[in-house]
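Position one of the sequence shown corresponds to residue 56 (my numbering), numbered consecutively onward.
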Amino acid sequence: MRKNKDIRIAAMECGVYFWQIASWLCITPESFSRLMRKELDEKDKKKVFWAIDAAASEQERLRRSHE
Numbered sequence: 056m057r058k059n060k061d062i063r064i065a066a067m068e069c070g071v072y073f074w075q076i077a078s079w080l081c082i083t084p085e086s087f088s089r090l091m092r093k094e095l096d097e098k099d100k101k102k103v104f105w106a107i108d109a110a111a112s113e114q115e116r117l118r119r120s121h122e
């Protein structure tokens, strides 16, 4: 089974790419991909879910500004 499946599902459902999550966490996309290889603890998962929410909100804001 893939590690951090809950994070992967949340990102996919929100339409957020790993590079966007990494940007919000102020790390490189490569570093984020490495982090995802092992199951994250709850503290780190909270940070990642925050980044997913932030990236999704930014996408929605940008989408609305172009309407």
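Think of the CB as a built atom: it goes at the ideal place given N, C-alpha and C, for glycine as much as any other residue.
Small disclaimer: the values here were computed from a predicted structure and weren't measured.
Quiz item: Out of curiosity, what's the CA-to-CA distance linking Arg89 and Leu117?
Solution: 29 Å
Quiz prompt | Cβ-Cβ distance between Ala110 and Trp79 below 8 Å | solution = yes
Self-check item: Bounding residues of the alpha helix (DSSP H) (the contiguous stretch that carries Asp99)
Solution: 97 to 120
Quiz prompt | For Ala77 and Ile107, believed in contact at Cβ under 8 Å, the rounded distance | solution = With 8 Å as the limit, Ile107 and Ala77 do not qualify as a contact, their Cβ atoms being about 11 Å apart.
Practice problem: Give a yes or no on whether the C-beta atoms belonging to Lys100 and Lys58 are separated by under 8 Å. | Solution: no
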